[in-house]
Amino acid sequence: MAALDRLAVQPVAPRVVPERAMISASGVQKRFGGPKGLLALEDVSLDIAEGEFVSLLGPSGCGKSTFLRCLAGLEKPTAGKLLLDDKPIDGPPEKLGIAFQRDALLDWFSVLENVLLPADFGGYGRKAYEPRARELLAMVGLKDFADVYPSALSGGMRQRAAICRSLLLEPRLLLMDEPFGALDALTRDQLNVDLHHLWQRQRMTVGFVTHSISEAVFLSTRIVVFSARPGKVAEDIRVDLPDDRKLALRDTPDFIRYTHHIRGLFEKMGLIHD
Amino acid sequence: MQTNKLTRFGIPLLGALAFLLLWELATDIGAVRPIILPSPSSIFRELASEPAWFAEQAVFTLGVTLLGFCVAVVVGVAFAIAIVEWPLLDRLLFPLFIGLNSVPKVAIAPLFIIWFGTGAEPKIAIAALIAVFAIVIDTALGLHSVPPDQLDLAKVLRGSRLKVLLRIKMYCALPHIFAGFKVALSLSLVGAIVGEFVSSQKGLGFAILTAQGSFDTPRVFAAIFILSILGVVLIGALDMIERVALPWHASQRKAAGH
Chain H
1 MAALDRLAVQ
11 PVAPRVVPER
21 AMISASGVQK
31 RFGGPKGLLA
41 LEDVSLDIAE
51 GEFVSLLGPS
61 GCGKSTFLRC
71 LAGLEKPTAG
81 KLLLDDKPID
91 GPPEKLGIAF
101 QRDALLDWFS
111 VLENVLLPAD
121 FGGYGRKAYE
131 PRARELLAMV
141 GLKDFADVYP
151 SALSGGMRQR
161 AAICRSLLLE
171 PRLLLMDEPF
181 GALDALTRDQ
191 LNVDLHHLWQ
201 RQRMTVGFVT
211 HSISEAVFLS
221 TRIVVFSARP
231 GKVAEDIRVD
241 LPDDRKLALR
251 DTPDFIRYTH
261 HIRGLFEKMG
271 LIHD
Chain P
1 MQTNKLTRFG
11 IPLLGALAFL
21 LLWELATDIG
31 AVRPIILPSP
41 SSIFRELASE
51 PAWFAEQAVF
61 TLGVTLLGFC
71 VAVVVGVAFA
81 IAIVEWPLLD
91 RLLFPLFIGL
101 NSVPKVAIAP
111 LFIIWFGTGA
121 EPKIAIAALI
131 AVFAIVIDTA
141 LGLHSVPPDQ
151 LDLAKVLRGS
161 RLKVLLRIKM
171 YCALPHIFAG
181 FKVALSLSLV
191 GAIVGEFVSS
201 QKGLGFAILT
211 AQGSFDTPRV
221 FAAIFILSIL
231 GVVLIGALDM
241 IERVALPWHA
251 SQRKAAGH
C-alpha cells in the first residue's frame, strides 16, 4: 500500500474550481423512494470545466449512473445544488448528447433516421441536419449503412450509430452511460479509439460512466472515482497523458501507473482483492 | 427449398385429404346417417348447386365482419391511447370497461336489434363489441412496452408527447396491436354470425339457421365450410398486411428463426 501511495499520480484536490465551471455540483444527494429509501448518492461535489473528458468510475451500484442521470435532467437530486452554466438543471438541457449502454436505436427507423432523431424531436429540422448525419456516419465507418434497419448491424456498429445520434446536434455536453459495456473486448477497444478521435475533433465536454479502469484512463482528462454506495467522490484524478492517444499507450509505464493507482484505490475500498 | 415447401404444405394437405376420404367412406357405407353427417361430396354438391346464393351470403357476412372489425380497431386503438396517455382516464374508465366486457355479448345481441333495427347495423355493432376488448388490451399492453432507455432518450431529446407517441410508442405497440387484431378479427366473425342468428334475412348465419329449420344438414355444413375458409383467409390477409407494414419486425423474426 505504501508503495502505491508513492506512485506519481496527481490527485486533484477534493474540490477544484476550474476557471469556468460548466457543471458545478455541490453536496448532491439522491435518495430513491422517499425519506427512508435507498441512498444512491450521498454528497457529491465536483466542478467540470468546458472541454474536459471526465470519467465517472466506480463499482456497480455506486451511483455514478445516477449522477449522470441527474446531469441529464432525468433525475432530480433530493438535496444539494447541481448547476449547468450557472443555472440549476431542471429537466434535460437543450441539445444534450446522450448515449446508453444499450444503444436504444429504434428498430423501425433506418440508421440515418435514427441518427436524425434528435433534430426531429428537438424541432431543428431533419433536412437541415441530414448532411451532418451522413458525415458522422462516414466518420465511424457506417457510410454504406445509412439506409438499412438497425437489426442488420452488429452490436459495435449499432453503438457507433448511437454515438452518431448523440453527436448530431453538436452538443457542448455529451453524457455516456457505460456505452461500451455490452460489447466484446475487441470492439470496445476500437470504439475507445473512435470516441477519442471524435472528442479530439469536437472537444465537447464529456461525462463518461464506466467501470473499466483502463477505458477510463485511456479516454479521460480526468477521472472521478466513486466509492461504493452510497456514492461519494473517493478521489479526483487528473490524467496527464499525451493528447493524441493510441492503443499502444496502454502498455506504457505512464498509463500503467494510473491503472495501478486506481486498482489500489479499489483494493483499499475492499472491492477487489487477490 | 423444394422439399422444404413439400414437407411444409404437402404433409398437412395429405392429412386433410385422408380425413375427408375417411369421412366420405364412413358415410358411403352407411355408418353415419346423412342427416347427422352428410358426406363431403354432398356438401360440395350443395355448394355447387347455388354458388351465387352462397356467395351473396358470404359477402354479406364478410362485410359485417370487416365493418365491425374496423369500428373495433378505430374505437379500441383510440381508447387504448387515451387510457395510456392520461392515467386519470385509465382509473376512471378502465374498471368500467372490464365490467362491461364481462357481460356476455351474445346476451346483448337482442338488445341491439331493438336499438338498431334489423338491418346490417346491429350485426356490425355486435361484431365490433365482441372484437374491441382484445384490441384495447393488446394496444395498451404494447404502448406500455417501450424499453425505458428509449423513453429516457425521448425525454433527453425533448420530443413532444405527440412525437413520442407517433415515433416510438406506436411502433413499439404495433406487433402487439397486430396480435390483438388477429384475435379481434376472428371474434368479429363470431359476432357477425351471432348477430345473424338473432335476426337476419341474409348472411351465412341466416343460411345456417334456416337450413337447420328444414333439417338441410348439407346446407348447414356448406355454410360452415365457407365460414372456416373465410376465417383462414382473413387471418392470412392480416398476416400479410403485418409483414408489409412491419418490415423491421418481420426481418427480426426471420433472424430469430421463427
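As given, the protein sequences belong to chains H and P, one line each in that order.
Here the first sequence is numbered in this note's numbering, starting from 1 and rising by one per residue.
Here the second sequence is numbered in this note's numbering, starting from 1 and rising by one per residue.
Heads up, the beta-carbon is just placed ideally off N, CA and C, and yes, glycines get one too.
Are the beta-carbon atoms of residue i and residue j separated by less than 8 Å?
{"i": "Q29(H)", "j": "L41(H)", "result": "yes"}
{"i": "H247(H)", "j": "L241(H)", "result": "In the sequence as presented, His is not what sits at residue 247(H); that position holds Leu. No, the pair does not count as a contact, with Cβ atoms beyond the cut-off."}
{"i": "Q190(H)", "j": "G156(H)", "result": "yes"}
{"i": "E46(P)", "j": "P175(P)", "result": "no"}
{"i": "I113(P)", "j": "P104(P)", "result": "no"}
{"i": "L185(P)", "j": "L234(P)", "result": "yes"}
{"i": "S188(P)", "j": "I229(P)", "result": "no"}
{"i": "I163(H)", "j": "V156(P)", "result": "no"}
{"i": "D149(P)", "j": "R102(H)", "result": "yes"}
{"i": "M269(H)", "j": "A216(H)", "result": "no"}
{"i": "M204(H)", "j": "L173(H)", "result": "yes"}
{"i": "V225(H)", "j": "G58(H)", "result": "yes"}
{"i": "L17(P)", "j": "T27(P)", "result": "no"}
{"i": "G264(H)", "j": "T66(H)", "result": "no"}
{"i": "L89(P)", "j": "I83(P)", "result": "yes"}
{"i": "I124(P)", "j": "L67(P)", "result": "yes"}
{"i": "V111(H)", "j": "L82(H)", "result": "no"}
Residue range of the beta strand (DSSP E) that residue i falls in?
{"i": "Q29(H)", "result": "21-32"}
{"i": "R238(H)", "result": "231-238"}
{"i": "S55(H)", "result": "53-57"}
{"i": "I36(P)", "result": "First-last for I36(P): undefined, no H or E at that position."}
{"i": "V44(H)", "result": "38-49"}
{"i": "L173(H)", "result": "173-177"}
{"i": "A79(H)", "result": "79-84"}
Rank the options by C-alpha distance to the C-alpha of residue i and give the top, closest one.
{"i": "V136(P)", "options": "L157(P), K182(P), G119(P), S160(P)", "result": "K182(P)"}
{"i": "L204(P)", "options": "A192(P), G213(P), F215(P)", "result": "A192(P)"}
{"i": "E50(H)", "options": "R132(H), G264(H), E170(H), I23(H)", "result": "I23(H)"}
{"i": "V233(H)", "options": "Q159(H), G63(H), E130(H), T210(H)", "result": "G63(H)"}
{"i": "W23(P)", "options": "G10(P), V84(P), S42(P), K5(P)", "result": "S42(P)"}
{"i": "S212(H)", "options": "P35(H), K76(H), S60(H)", "result": "S60(H)"}
{"i": "A78(P)", "options": "T61(P), L100(P), D138(P)", "result": "D138(P)"}
{"i": "L100(P)", "options": "T210(P), P38(P), S49(P), F133(P)", "result": "F133(P)"}
{"i": "I35(P)", "options": "M240(P), H249(P), G213(P), L238(P)", "result": "G213(P)"}
{"i": "V140(H)", "options": "A128(H), S65(H), V193(H)", "result": "V193(H)"}
{"i": "L227(P)", "options": "R33(P), A55(P), T27(P)", "result": "A55(P)"}
{"i": "L96(H)", "options": "V206(H), A21(H), L265(H), H261(H)", "result": "V206(H)"}
{"i": "L141(P)", "options": "V220(P), P51(P), A154(P), Y171(P)", "result": "Y171(P)"}
{"i": "D120(H)", "options": "Q159(H), K87(H), R165(H)", "result": "R165(H)"}
{"i": "F60(P)", "options": "F97(P), A223(P), K202(P)", "result": "K202(P)"}
{"i": "A146(H)", "options": "I272(H), E75(H), I256(H), E113(H)", "result": "E113(H)"}
{"i": "D236(H)", "options": "D254(H), V44(H), P35(H)", "result": "V44(H)"}
{"i": "F44(P)", "options": "F225(P), G76(P), L92(P), H249(P)", "result": "F225(P)"}
Rounded C-beta distance between residue i and residue j? I'm assuming under 8 Å.
{"i": "L168(H)", "j": "P92(H)", "result": "No, L168(H) and P92(H) are not in contact; Cβ-Cβ is about 15 Å, not under 8 Å."}
{"i": "A79(H)", "j": "G122(H)", "result": "Incorrect: roughly 31 Å between the Cβ atoms, too far for contact."}
{"i": "L46(H)", "j": "A25(H)", "result": "5 Å"}
{"i": "L20(P)", "j": "P40(P)", "result": "5 Å"}
{"i": "E52(H)", "j": "T221(H)", "result": "5 Å"}
{"i": "A109(P)", "j": "I126(P)", "result": "5 Å"}
{"i": "R245(H)", "j": "F218(H)", "result": "6 Å"}
{"i": "L116(H)", "j": "A138(H)", "result": "Not a contact, Cβ separation roughly 15 Å."}
{"i": "A120(P)", "j": "S145(P)", "result": "Rounded, the Cβ-Cβ distance is 36 Å, inconsistent with contact."}
{"i": "A207(P)", "j": "Q57(P)", "result": "5 Å"}
Starting from residue i, trace the alpha helix (DSSP H) in both directions and tell me its first and last residue.
{"i": "I223(H)", "result": "Note, I223(H): premise wrong, no alpha helix (DSSP H); beta strand (DSSP E) at 222-226."}
{"i": "I98(H)", "result": "That residue, I98(H), is in no alpha helix (DSSP H); its beta strand (DSSP E) goes 97-99."}
{"i": "V206(H)", "result": "Premise fails: V206(H) lies in the beta strand (DSSP E), 205-210, not in any alpha helix (DSSP H)."}
{"i": "P95(P)", "result": "87-101"}
{"i": "I235(P)", "result": "217-245"}
{"i": "K127(H)", "result": "126-139"}
{"i": "I29(P)", "result": "From DSSP, I29(P) is part of no alpha helix (DSSP H); its letter is neither H nor E."}
{"i": "G73(H)", "result": "Per DSSP, G73(H) belongs to no alpha helix (DSSP H) and is neither H nor E."}
{"i": "D184(H)", "result": "Careful: D184(H) lies outside any alpha helix (DSSP H) and carries neither H nor E."}
{"i": "R160(H)", "result": "155-167"}
{"i": "Q150(P)", "result": "148-156"}
{"i": "V194(P)", "result": "170-198"}
{"i": "Y258(H)", "result": "253-268"}
{"i": "A104(H)", "result": "Taken as a continuous stretch (DSSP letters only), A104(H) belongs to no alpha helix (DSSP H), as it is neither H nor E."}
{"i": "A120(P)", "result": "A120(P) -> no alpha helix (DSSP H), and no H or E assigned at all."}
{"i": "G213(P)", "result": "204-213"}
{"i": "E113(H)", "result": "111-115"}
{"i": "E215(H)", "result": "213-219"}
> Are the segment 163-175 of chain P and the segment 90-110 of chain H touching, with three or more C-beta to C-beta distances below 8 Å?
Replying inline: yes
>> Assess contact between the segment 173-185 of chain H and the segment 145-152 of chain H, defined as three or more Cβ pairs (one per stretch) separated by less than 8 Å. Is contact present?
In response: no
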